[in-house]
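Novice: Residue numbers (numbering that gives the first Met the number 0), protein chains in the order written: chain A, 0 to 122; chain B, 0 to 484; chain C, 0 to 206.
Take this structure, written in structure tokens, and hold onto it; I'll ask about it next.
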Amino acid sequence: MTTTKTINLLLVDDSRIARLSLSRQLKSLGLDLNLLEADSADAAESLLEHQPADIALIDFNMPGRDGLELAQCLKARFPELRMALVTANIQDALALRAREMGMAFLPKPTTAEQLAAFVCQEA
Amino acid sequence: MSQTASQGLCLSDILDNLDCTELLHSLDGGVLLLDDECRIIFCNRWFIRHTGLSEARIIGHTTDSLFPGQLPPALRDAIESGCRLRMGRILSHQLHKRLLPLWRRAPGGEQMPLYQSILIKPLSQSNLTLVQCLDITNAVKREQHLRASERVLRLERKVLELIATGDSLEEVLLQLCNTVETLVPGASCAVLLPDESGRRLIIKSAPGLPAHFLQRREGLSLTAEGTTCAQAYLSRGLTICKDVYQDSHWYHWREHAKRYNIAACWAQPIIAAYDEVVGVFACYPAIPGAPDDSQRQLLQRMSHLAAIAMERHKRTERIRFLAMHDPLTGLPNRSLLNEHLGRNLRRAHRETNQFALMFIDLDGFKQINDLHGHDAGDDLLSVLSGRITEQLRGTDTCARIGGDEFVVMLETVSTPEAAEQVADKLLMCLSRPVIRGQLQLQVSASIGIALYPQDGTSADALLTRADDAMYRAKALGKNRWHRIA
Amino acid sequence: MELFSPDEHDLIVELMNLGVGRAAHALSQLVNDEVLLSVPRLEFISVPEAQAAFRKDLPSFLAGVLQDFEGFINGRAALLFPEARSLELVNAMIGEELSADEITELEQETLAELGNILLNHCLATLANQLKQQVQTDIPKAFSVSAADLPSTLSLYDSDNENTLVMLVQIDFSLRHSALRGYLAFIIDLRSADTFVTALRSYLAELL
């Protein structure tokens, strides 16, 4: 007997269109998702003060702190948070840095399949 | 309208009648026309010549099928996107070391790969794509040469700046060694200069070799049986040892060679003005062999710069010496005396011991000058100053501060009596006649003694005291020393 | 210029980012090292505004790469950076320590290729995502003074009423070199209808 728990998913990207694109794809997966959005590293951190998140999809290229810098901070504060770096900069070196931090690496533009694979990975 | 309008022809007529195919064939560069499936529908003679394939073999194939597995992915992608997606591309040599497998013939007849850059241009009025192949081998060679020369010039400029700013000779020699080590990868360099005896070469600078190596090498004897460096010094020419393990002269140094990765020795003598050999610039490559033309030139230029640096150093030293020494006798002058005096005061104060200052005035010197001339007087002074220094220890100072005035500083004395004894000896040697040809020149001395700390604790006090004492000695009859009680 | 709504503008920036990211990927494979490119800023301005911006913001001497394009949109694109730093960029790309002050003709070709890769990917990605077509010409490297830039970009020839300039800031980070350049797209508005329509329908699907 499995109870489907609502997954709290945080989208961090400075582009509204990018967030829209992602949320559209996520909604098409038919999962029970509570979508949270933040448009910068700072906004993400203050959001998480008040609301919990299970998963975070983080854009790499943002003004201010970049996605990896944010991930570093979040990892320290929320060790249970599963994170993926979503980026147009598809590079081995960047993918390596993400993986070293325990993050998944999702190249843009994302596909629904890739998102499903990551989100549903939950034990 | 072109100038041929008068002949009834205009440019567009000429172009219309031109055989474009022939034009493409006569171009110096490869031209291919591809269709929208990347198949070659035209190739020019240049392309045929430089691939070694026949026209029949080429037409109808794609570049990929002509050279299966040989083309880099970037080129294949570029051709695809050119033909199918109509995207123009340039593939530059610097970013793609390898493009199409094309060959050129070197002057000697050997086949060599061709440096190329490729332009892919989708033609706007058709579905064809132009692929243009440019042979840039000459441009690449020119550039490599240019960049190499620039590198050498930059390094040389650095050395010249060091020389110009009068930096220490050590700095310059170090920079010279570093320069050659940069341009001959794996090599270590050293500058060897003759020691005081002039019979051995010692290593003055060797940044790439460990410090104890410098100390251990007591010096290479400058004989005909000497090592490569010694031979370079003696023969005044570049001396090469292609393989130190094959050369009997290197027998004793083989252990060193092995330890410091030395496989060969290129020794360039450093030749200064008037064809004088002043040292050796040595390069020790890590692989055996002789230097090529550019390396020979490099060694020559570096040794020339070393010569300039050493010449400058010598001149600077000479100027410094002249500024601090009396030109006639070579003794320190007043400036240098003051320096020594100041230093000694501090030392004596620290170590609480005594030292002595003596003012020496030659009696009857003026008469010698008047009677026998200034040359005689000068000679007399030279001899007498020599006699004074003979009586002194290495740590003592004797300075000439006036025409016939000297100041002696005994660095340290155990008792006042010790100073007096030295003064006695000086009186004796100064009153001994000096033979100059047929003449016997004789003077005597009046010496004033002042002791630290009893007679004064400052330079001024001691000098004044000694000066006063000297006048007393004169008043008391000359040819004696006096110390004011 | 108010040609685009904030969402449309945002979409164009995202698409540029995608294109620039693809270009970075292609470059990093060529130079065998990490290459990071990002688009901190993008704006649409008129020709007079562009001329003023060039005079004000750009350095007095520029190196650049010019490339014409046509398809769902027609125009000319230019990649611009401060001339003194173009050698640095080439150095970073070919991984050599060139001790010169000037860029040689072969190195100019390498610079042209950098611009070519970047511009092709940006335009191709824009086209692909909007399900359109575009074709590009071969690139040409140039170096001019800021005063001569408008004529190099043929800004004087264009019909100001119907020309739009899309000015994009690009940050490059290659090996140990980091610098900022500009992409200037000189767009013929009369050809822009296809572009605008495609943009709007893409958005419509999203929203």
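From the three backbone atoms N, C-alpha and C, an ideal C-beta is built for every residue, glycine too.
Being a predicted model, the structure only gives us computed values, none of them experimental.
So, with DSSP's three-state summary, where would you put Q299 of chain B?
Specialist: Residue numbering aside, residue 299 of chain B sits at position 300 when the second sequence is read from its first letter. It is helical.
Novice: Report yes or no: do the segment 127-139 of chain B and the segment 159-171 of chain B share at least 3 C-beta pairs separated by less than 8 Å?
Specialist: As far as the Cβ criterion goes, the segment 127-139 of chain B does not touch the segment 159-171 of chain B, which means the pair count is below three.
Novice: Let me see if you follow: with CB-CB separation under 8 Å, is R64 of chain A close to chain C or not?
Specialist: In the first sequence, residue 64 of chain A corresponds to position 65, counting from 1. Not one chain C Cβ lies under 8 Å of R64 of chain A.
Novice: Identify which residue in B:C37, B:K424 and B:W45 has its Cα closest to the Cα of L65 of chain B.
Specialist: Numbered from 1 along the second sequence, position 66 holds the residue referred to as residue 65 of chain B. It is B:C37.
Novice: DSSP has Y283 of chain B in a bridge; who is on the other side?
Specialist: Along the second sequence, read from residue 1 onward, the residue named residue 283 of chain B stands at position 284. B:S187, per the DSSP bridge assignment.
Novice: State buried or exposed for C282 of chain B, treating a residue as buried only when at least 16 other CB atoms are found within 10 Å of its CB.
Specialist: Working through the second sequence from its first residue, we reach residue 282 of chain B at position 283. Label assigned to C282 of chain B: buried.
Novice: Can you check whether the C-beta of M92 of chain C is within less than 8 Å of a C-beta belonging to chain B?
Specialist: Stepping through the third sequence from its first residue, residue 92 of chain C is reached at position 93. Judged by the 8 Å Cβ criterion, M92 of chain C is in contact with chain B.
Novice: What does the alpha-carbon distance come out to for the pair L321 of chain B and V406 of chain B?
Specialist: Walking along the second sequence from the start, residue 321 of chain B turns up at place 322. Walking along the second sequence from the start, residue 406 of chain B turns up at place 407. The alpha-carbon atoms of L321 of chain B and V406 of chain B are separated by roughly 18 Å.
Novice: For R96 of chain A, collect the residues of the same chain with a Cβ closer than 7 Å to its Cβ; drop the 5 residues on either side in sequence, then sort them by chain order.
Specialist: Taking the first residue of the first sequence as 1, we reach residue 96 of chain A at position 97. Result list for R96 of chain A: L67, in chain order.
Novice: Taking 7 Å as the limit between beta carbons, can you name the residues of its chain near S85 of chain C, skipping five residues before and five after?
Specialist: Start at 1 with the first residue of the third sequence, and residue 85 of chain C comes out as number 86. Within the same chain, S85 of chain C has close Cβ partners A62, I102 and L110.
Novice: Which same chain residues end up closer than 6 Å to D53 of chain A when comparing Cβ atoms and leaving out the 5 residues on each side of it in sequence?
Specialist: Your numbering for residue 53 of chain A matches position 54 in the first sequence. Correct list, in chain order: I6 and N7.
Novice: Entirely within the segment 302-377 of chain B and at least 4 residues each: give me those alpha helix (DSSP H) ranges in chain order.
Specialist: With a minimum length of 4 residues, the continuous alpha helix (DSSP H) runs that stay inside the segment 302-377 of chain B are 333-350 and 364-371.
Novice: Roughly how many angstroms separate the alpha carbons of G87 of chain B and N127 of chain C, rounded to a whole number?
Specialist: Counting from 1 along the second sequence, the entry for residue 87 of chain B is found at position 88. Counting from 1 along the third sequence, the entry for residue 127 of chain C is found at position 128. Answer to the nearest angstrom: the Cα atoms are 17 Å apart.
Novice: Examine chain B for any beta-carbon lying closer than 8 Å to the beta-carbon of L152 of chain C, and answer yes or no.
Specialist: The sequence position of residue 152 of chain C within the third sequence is 153, counting from 1. False, the Cβ-Cβ gap to chain B never drops below 8 Å.
Novice: Thinking C-alpha only, which one of B:S80, B:L90 and B:R104 is nearest Q134 of chain C?
Specialist: Position 135 of the third sequence, counted from the start, is the residue given in the question as residue 134 of chain C. That would be B:S80, whose Cα lies nearest to the Cα of Q134 of chain C.
Novice: Would you mind stating whether W102 of chain B and G29 of chain B have Cβ atoms separated by less than 8 Å?
Specialist: Counted from its first residue, the second sequence places residue 102 of chain B at position 103. Counted from its first residue, the second sequence places residue 29 of chain B at position 30. No, the Cβ-Cβ distance between W102 of chain B and G29 of chain B is not below 8 Å.
Novice: From the DSSP output, read off the bridge partner residues of G63 of chain C.
Specialist: Residue mapping note: residue 63 of chain C aligns to position 64 of the third sequence, counting from 1. Paired residue(s): C:L79 and C:F141.
Novice: Who pairs with M82 of chain A in a beta bridge, going by DSSP?
Specialist: The residue labelled residue 82 of chain A in the question sits at position 83 within the first sequence. DSSP output for M82 of chain A lists A:A55 as bridge partner(s).
Novice: By how many angstroms is the C-alpha of A147 of chain B removed from the C-alpha of P23 of chain B?
Specialist: On the second sequence, residue 23 of chain B is found 24 positions in, with the first residue counted as 1. On the second sequence, residue 147 of chain B is found 148 positions in, with the first residue counted as 1. As written in the sequence, residue 23 of chain B is Leu, which differs from the Pro given in the question. Roughly 36 Å separates the two Cα atoms.
Novice: Let me see if you follow: with CB-CB separation under 8 Å, is I137 of chain C close to chain B or not?
Specialist: On the third sequence, residue 137 of chain C is found 138 positions in, with the first residue counted as 1. Cβ-Cβ to chain B under 8 Å: yes for I137 of chain C.
Novice: Of all the CB atoms in chain C, is at least one closer than 8 Å to the CB of T5 of chain A?
Specialist: To locate residue 5 of chain A, count along the first sequence from 1; it is residue 6. T5 of chain A does not count as touching chain C.
Novice: What are the partner residues of F405 of chain B, as DSSP defines its beta bridges?
Specialist: For this step, residue 405 of chain B is matched to residue 406 along the second sequence. Answer by DSSP bridge pairing, in chain order: B:I359 and B:R399.
Novice: Relative to chain C, which residues along the segment 80-99 of chain B have a C-beta separation below 9 Å, given in chain order?
Specialist: Listed in sequence order: S80, L84, R85, M86, G87, R88, I89, L90, S91, H92, Q93, L94 and H95.
Novice: To the nearest angstrom, how far is the alpha carbon of A22 of chain C from that of F171 of chain C?
Specialist: For this step, residue 22 of chain C is matched to residue 23 along the third sequence. For this step, residue 171 of chain C is matched to residue 172 along the third sequence. Looking at the two C-alpha atoms, the distance is approximately 11 Å.
Novice: Under a Cβ-count criterion, where at least 16 other Cβ atoms within 10 Å of its own Cβ denotes burial, should C19 of chain B be classed as buried or exposed?
Specialist: Position 20 of the second sequence holds residue 19 of chain B. Burial call: exposed.
Novice: Determine the contact status of Q93 of chain B and E87 of chain C, defining contact as a CB-CB distance below 8 Å.
Specialist: Indexing the second sequence from 1 puts residue 93 of chain B at position 94. Indexing the third sequence from 1 puts residue 87 of chain C at position 88. Their beta carbons are not under 8 Å apart, which means Q93 of chain B does not touch E87 of chain C by this criterion.
Novice: How about F60 of chain C and L148 of chain C: do their beta carbons lie closer than 8 Å?
Specialist: Position 61 of the third sequence, counted from the start, is the residue given in the question as residue 60 of chain C. Position 149 of the third sequence, counted from the start, is the residue given in the question as residue 148 of chain C. Not closer than 8 Å, so no.
Novice: Using a Cβ-Cβ distance cut-off of 8 Å, determine whether L159 of chain B contacts chain C.
Specialist: By 1-based counting over the second sequence, the position of residue 159 of chain B is 160. Not one chain C Cβ lies under 8 Å of L159 of chain B.
Novice: For V568 of chain B, which three-state DSSP category applies?
Specialist: Residue numbering for chain B in the displayed model covers 0 to 484; residue 568 of chain B lies beyond these limits and cannot be assessed.
Novice: Could you give the DSSP three-state label for G20 of chain C: helix, strand or coil?
Specialist: Here residue 20 of chain C is taken as the residue at index 21 of the third sequence, counted from 1. Of the three classes helix, strand and coil, the one that applies to G20 of chain C here is helix, per DSSP.
Novice: Taking only heavy atoms of the ligand GTP into account, decide whether any of them is closer than 7 Å to the Cβ of K139 of chain C.
Specialist: Looking at this structure, you won't find the ligand GTP or any other ligand, since it has none at all.
Novice: Rounded to whole angstroms, what's the CA-CA distance from Q113 of chain A to L31 of chain B? Just pull it up for me.
Specialist: Position 114 of the first sequence holds residue 113 of chain A. Position 32 of the second sequence holds residue 31 of chain B. Roughly 42 Å separates the two Cα atoms.
Novice: Tell me where the alpha helix (DSSP H) around D41 of chain A begins and ends.
Specialist: Stepping through the first sequence from its first residue, residue 41 of chain A is reached at position 42. Per DSSP, D41 of chain A belongs to the alpha helix (DSSP H) from A40 to H49.
Novice: Looking at A263 of chain B: is its Cβ nearer than 8 Å to the Cβ of C240 of chain B?
Specialist: Numbered from its first residue, the second sequence carries residue 263 of chain B at position 264. Numbered from its first residue, the second sequence carries residue 240 of chain B at position 241. Yes. Within cutoff.
Novice: Any beta carbon from chain B within less than 8 Å of L125 of chain C's own beta carbon?
Specialist: Start at 1 with the first residue of the third sequence, and residue 125 of chain C comes out as number 126. No, no contact with chain B.
Novice: By DSSP, does A256 of chain B sit in helix, in strand, or in coil?
Specialist: Locating residue 256 of chain B in the second sequence gives position 257, counting from the first residue. Note: A256 of chain B maps to helix in three-state DSSP.
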